[in-house]
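The C-terminal position of the sequence shown is numbered 340 in the numbering used here, with every residue numbered one higher than the one before it.
Note that CB positions come from ideal geometry on N, CA and C, so glycine has one too.
Bear in mind the structure is a predicted one, so any value in this text is a computation, not a measurement.
Remarks on the structure that follows.
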Amino acid sequence: MEPVDLTGRVSLVTGATGGMGRVIATELARLGSTVVIVCRDNAKGVALRQRIAAEIGIDRIEVLTGDLASEVDLHRIAEEFTGRHQALHLLINNAAAYSGRRAVTADGIELQVAVNYLAGFTLTTLLSEQLRVGAPSRVVNVVTAAMSDTRHFKIRRRPRPVRLDPATLDDLRSVNGAAGFVAFQAYARAKLLATMSGYVLADQLRDTGVTVNAVHPGLVATDIFDAITPPALKPFRRTLRKLVLTPEQGAESIMRLATAPELAGVTGRYFDQDNQCDSPPVSYDHQLQQRLWAATQAYLARDHVA
Numbered sequence: 035m036e037p038v039d040l041t042g043r044v045s046l047v048t049g050a051t052g053g054m055g056r057v058i059a060t061e062l063a064r065l066g067s068t069v070v071i072v073c074r075d076n077a078k079g080v081a082l083r084q085r086i087a088a089e090i091g092i093d094r095i096e097v098l099t100g101d102l103a104s105e106v107d108l109h110r111i112a113e114e115f116t117g118r119h120q121a122l123h124l125l126i127n128n129a130a131a132y133s134g135r136r137a138v139t140a141d142g143i144e145l146q147v148a149v150n151y152l153a154g155f156t157l158t159t160l161l162s163e164q165l166r167v168g169a170p171s172r173v174v175n176v177v178t179a180a181m182s183d184t185r186h187f188k189i190r191r192r193p194r195p196v197r198l199d200p201a202t203l204d205d206l207r208s209v210n211g212a213a214g215f216v217a218f219q220a221y222a223r224a225k226l227l228a229t230m231s232g233y234v235l236a237d238q239l240r241d242t243g244v245t246v247n248a249v250h251p252g253l254v255a256t257d258i259f260d261a262i263t264p265p266a267l268k269p270f271r272r273t274l275r276k277l278v279l280t281p282e283q284g285a286e287s288i289m290r291l292a293t294a295p296e297l298a299g300v301t302g303r304y305f306d307q308d309n310q311c312d313s314p315p316v317s318y319d320h321q322l323q324q325r326l327w328a329a330t331q332a333y334l335a336r337d338h339v340a
């Protein structure tokens, strides 16, 4: 991909201290963008800022600190961003969480739903005006192909798409409930929600110059890859990492969707690496999309959010 000039453009990247996040933040800064990174650990964020500045020869990184599983922190992060910048040109919702055991946030949401879905949705919603001001602007949601097939071992059997119980969509606290909880399926389900709501948002913003797309970057040697590796294969983790993409390779499809001139105006699409394709059939169900959207908006409007 030919390099583009992002001078004067503002980007926000979540999960920036992770494997692909570090690559994305570095490359965006190298291309001239002011890059706001969102980190849970401020020390790691500052260290990454210094590392990128030393690598590219100029400091274009800003650090915002907060817990993406906390609605209060998400609102604060958005307020701090809008206090610094009137426009946002690129929002990459890259942060991900995987929990082998069911955990619930202080807001009553299963952890993977909170980080893999609600965090990106909330930031996109709270920064929608800045995205409109920055148009043409892009939102990239990093998701997973596991939503189309939750099998760890894909041998001889048909794909097993993640199940989505419509009854849970009226209250987000019901998604990934305790009954029958399976960690990997819960992870994929949360990413499915991010894809579905992205389609709705893309339609709503279609005439504003703001595009919204989702991308599966492939199997990448990151902390998430280590976490989702089945217990029987964990002794071979180092070998398995050599068989999948490096963070640099995984970041390539995200960067392409975020910056490639030929993708300007493309919206409401799902990409498996560089290939535009279909997400699971359930993700296109208009009624389910609207139920999810209404439940999410109702949750965000709750009084406990300042």
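Asked, Found
"With 16 other Cβ atoms within 10 Å as the buried cut-off, status of C73", "buried"
"Spatial distance of R110 from R192 (CA atoms)", "45 angstroms"
"7 angstroms Cβ cutoff met for P314 and P200", "no"
"Start-to-end residues for the beta strand (DSSP E) that takes in L125", "124-127"
"Alpha carbon of Y138 to alpha carbon of R325, nearest angstrom", "Note that residue 138 corresponds to Val in the displayed sequence, not to Tyr. Cα-Cα distance, rounded: 22 angstroms."
"Counterpart residues of S15 in DSSP-defined beta bridges", "The question about residue 15 has no answer here: the residues shown for the chain are numbered 35 through 340."
"I258 burial status per 10 Å Cβ neighbour count (16 or more: buried)", "buried"
"Whether N128 touches G49 by CB criterion (7 angstroms)", "yes"
"Inside the region 142-177 only - beta strand (DSSP E) runs reaching at least 3 residues", "171-176"
"Selected residue, minimal CA-CA separation from D20, among T60, G52, L40, A87", "The structure shown does not extend to residue 20, since the chain is modelled only from 35 to 340, so the question has no answer here."
"Run of the beta strand (DSSP E) containing I95, from where it starts to where it stops", "95-99"
"Close Cβ partners of L40 (< 6 angstroms) along its chain, the five nearest in sequence each way excluded", "L65, G66, S67"
"Spatial distance of L334 from T156 (CA atoms)", "8 angstroms"
"Residue environment, I143, which counts as buried when at least 16 other CB atoms sit within 10 Å", "buried"
"Residues that DSSP places opposite T245 in a beta bridge", "R172"
"Within 7 angstroms, strictly: CB atoms of G284 and V249", "no"
"Beta-carbon proximity list for A340, same chain, < 8 angstroms, skipping 5 on both sides", "Bear in mind that a pLDDT of 45 at A340, under 50, signals an unreliable position, so the number given afterwards is only what the model happens to contain. Result list for A340: V106, H109, in chain order."
"Residue closest to A87, alpha-carbon to alpha-carbon, out of L203, P251, L62, S104", "L62"
"Beta-carbon spacing of L122, G168 below 7 angstroms", "yes"
"Rounded straight-line distance, which links the Cα of A261 to that of Y132", "7 angstroms"
"Which of helix, strand or coil DSSP assigns to R303", "strand"
"For L253, three-class secondary structure by DSSP", "coil"
"Cα-Cα separation between D237 and A220, rounded to whole angstroms", "26 angstroms"
"Test item: CB-CB of V44 and G55 under 7 angstroms", "no"
"C-beta contact flag for T229 and V177 at 7 angstroms", "yes"
"Inter-residue Cα distance where the pair is I288 and P251", "7 angstroms"
"Closest by C-alpha distance to L297, when choosing among A213, V173, A217", "V173"
"A113, buried or exposed, once every other Cβ within 10 Å from all chains shown has been counted against 16", "Here the sequence assigns Glu to residue 113, which means Ala is not the residue at that position. Classification of E113: exposed, given that the 10 Å Cβ count is below 16."
"Beta-carbon proximity check, V69 vs S171, cutoff 7 angstroms", "no"
"Alpha carbon of E36 to alpha carbon of T301, nearest angstrom", "21 angstroms"
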